[in-house]
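Numbering (our numbering), first residue to last: 12 to 555. Notes to accompany the following structure.
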């Protein structure tokens, strides 16, 4: 045990972090990953360069003075800030800057744990929100470089040494799956508790700069009675994976580590979530393993495997980074025999979390700010459909030799064909240009002149084998809502495509999900209407 000063040292660290956030950057508060996600989704992946040194410095102060956090979150934020800064200096596109941010963030994680594959999956599930060669290749190269740095700076071999794990029986596999369900419930409860604590700090009648000091004081009190809850606690994870830790210590890690970490994180100090979640999950897995051994004495339940399952299932349920959770456990322990129980438990935890929580521990904070994070990665529909599958053959294509009066008269009789732009062609059916509706009906033109004289520019023309994405990009570039489509054989116009045609494709392709979407839309509309009604009532009360 430490002396009485251990109560006050974390509070001093909290004061320093609060001052750094107040006079440096408020973005250093929190565990790093949500902040990186928010910049990717809302700010074109632009992170202030000051975060590159303020985030690791503030985390070093927080963790070094006893904060119950891991170093991985701050390092991910630091690497992301470095990648974003390089991207801003190079003046590249926002997409390329996003890839650089993800590469820096995951290289940092790979450098700490020596887990390049898990880091790649982390980028896909939490940062990139896509899977494509142009993003995966540079991220993978960065992760391999980070792993090489890990082997150069630290000892080789797995980060967390675990007792040897044998392939479990089918009965044991079923029990580990049930453990995953229970850990999913626990992960959902922990996530909600963290943000309830954060909401409680918001109601305190003191400036937010002092919140980390208050949280640090509670960390110190818990640390006085349970010193192993202080700091990153990677040795606690190794102890849990050995299966030989005393049950009293396991119980205190499960309960007291959660109290210390959740209050400190809710106070807005700087620190990571991965190591605490692994510790709490591993301790919970050990306790569930003891329970399984008691109720099912005939089934061989391994405590080290129960701890590993608990760690991964806790992270999977809290973050919903399913593949990252599984691969990370195997890479950091070297226990390939644990793959099947990890898959079963993490999937069960993921399923429970998906049912019980709208957001995760990574996305709840930014969701409250109105930032929506994707939860599914589907191929771009516009890239999978060709223009010739959508193009209208019976479209309005006007001869350039027709007079303005003739065209106006025909359109007045056929109002269904009126649109913002009209495609013009010559007698051979070759595209010659586009005329806007406002120009056609302008009073400055004589009705007897050829409509071809109104052509001001000749925009690009689509090929029938182009994708709808190409069509959308061309419409945006040309500032048009219709485009002509030419044949690849003779170059003549075969039809016209409009933005309305593209929207219709979306509706047809999602017909099979229409019923679920309609129900969801009705519920969402009801919520909006109720919210709007309450808002109007508030305005009226203010006026009265």
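A virtual CB, placed ideally from N, CA and C, is assigned to each residue, including glycine.
> Assuming residue 169 and residue 343 make a contact with CB atoms under 8 angstroms, what is their CB distance in whole Å?
Replying inline: 6 angstroms
> Does the count of Cβ pairs from the region 221-229 and the region 278-285 closer than 8 angstroms reach three?
Replying inline: At 8 angstroms Cβ cutoff, the stretches touch.
> Do residue 57 and residue 104 have their CB atoms nearer than 8 angstroms?
Replying inline: no
>> For residue 442, report the span of its beta strand (DSSP E) as first-last.
In response: Under the DSSP assignment, residue 442 falls in the beta strand (DSSP E) whose first and last residues are 442-447.
> Going along the chain, which residues of its own chain have a beta-carbon closer than 8 angstroms to the beta-carbon of residue 350, five neighbours each way excluded?
Replying inline: 337, 341
> Out of curiosity, what's the CA-to-CA distance linking residue 305 and residue 252?
Replying inline: Taking the straight line joining both Cα atoms gives about 20 angstroms.
> Taking three-plus beta-carbon pairs below 8 angstroms as touching, is the region 12-22 in contact with the region 208-215?
Replying inline: Short answer: they don't touch.
> Looking at residue 60 and residue 287, is the spacing between their C-beta atoms short of 8 angstroms?
Replying inline: no
>> Between 270, 484, 426, 162, which has its C-alpha nearest residue 233's C-alpha?
In response: 270
> For residue 436, which beta-bridge partners are listed by DSSP?
Replying inline: 410, 442
> Who pairs with residue 478 in a beta bridge, going by DSSP?
Replying inline: In the DSSP output, where bridge partners are listed per residue, residue 478 has 397.
> Going along the chain, which residues of its own chain have a beta-carbon closer than 6 angstroms to the beta-carbon of residue 376, five neighbours each way excluded?
Replying inline: 45
>> Using a Cβ distance threshold of 8 angstroms, determine whether the region 351-359 contacts the region 184-198, with at least three qualifying pairs required.
In response: yes
> Looking at the structure shown, is residue 281 part of a helix, part of a strand, or coil, going by DSSP?
Replying inline: For residue 281, the secondary structure class from DSSP, reduced to helix, strand or coil, is strand.
> Hey, would you say residue 316 sits closer than 8 angstroms to residue 179, going by beta carbons?
Replying inline: yes
> What whole-angstrom Cβ distance do residue 49 and residue 382 have, given they're in contact under 8 angstroms?
Replying inline: 6 angstroms
> So residue 242 and residue 39 are in contact, right, with Cβ under 8 angstroms, and what is the actual spacing, rounded?
Replying inline: Not really, about 19 angstroms apart at Cβ, beyond 8 angstroms.
>> So the candidates are 307, 27, 335; which of them puts its Cα closest to the Cα of residue 129?
In response: 335
> Does the beta-carbon distance from residue 398 to residue 508 come in below 8 angstroms?
Replying inline: Between residue 398 and residue 508, the gap from beta carbon to beta carbon is short of 8 angstroms.
>> If you reduce the DSSP assignment to three classes, tell me which class residue 494 lands in.
In response: Note: residue 494 maps to strand in three-state DSSP.
> For residue 289, which of 442, 89, 246 has the nearest alpha-carbon?
Replying inline: 246
>> Tell me which residues share the same chain as residue 314 and place their Cβ nearer than 7 angstroms to its Cβ, disregarding the 5 neighbours each side in the sequence.
In response: 254, 297, 300
> Per the contact definition of three or more C-beta pairs closer than 8 angstroms, is the region 118-128 in contact with the region 83-103?
Replying inline: In short, these stretches touch, since the Cβ pair count reaches three.
> Is residue 136 buried or exposed, if buried means 16 or more other CB atoms sit within 10 Å of its CB?
Replying inline: buried
> Out of curiosity, what's the CA-to-CA distance linking residue 513 and residue 401?
Replying inline: 7 angstroms
>> Suppose you measure from the CA of residue 107 to the CA of residue 100; what does that come to, to the nearest Å?
In response: 12 angstroms
>> Going by beta-carbon coordinates alone, are residue 418 and residue 409 separated by less than 8 angstroms?
In response: Note that the C-beta distance between residue 418 and residue 409 is below 8 angstroms.
> How should residue 331 be labelled, buried or exposed, when 16 other C-beta atoms within 10 angstroms of its C-beta is the threshold for buried?
Replying inline: The residue in question, residue 331, is buried, as its Cβ has 16 or more Cβ neighbours within 10 Å.
> Given a threshold of 16 other Cβ atoms within 10 Å of its Cβ, counted over all protein chains shown, does residue 32 qualify as buried or as exposed?
Replying inline: buried
> Between the beta-carbon of residue 325 and the beta-carbon of residue 291, is there less than 8 angstroms?
Replying inline: yes
> In this structure, does DSSP put residue 563 in helix, strand or coil?
Replying inline: Because residue 563 is not part of the residues shown, which for the chain are 12 to 555, the question remains open.
> Since residue 430 and residue 493 are thought to touch, with beta carbons under 8 angstroms apart, how far apart are those beta carbons, to the nearest angstrom?
Replying inline: 6 angstroms
>> Our contact map puts residue 227 next to residue 25 with C-beta atoms below 8 angstroms; I'd like the distance itself, whole angstroms only.
In response: Rounded to whole angstroms, the Cβ separation of residue 227 and residue 25 is 3 angstroms, and the two are in contact under 8 angstroms.
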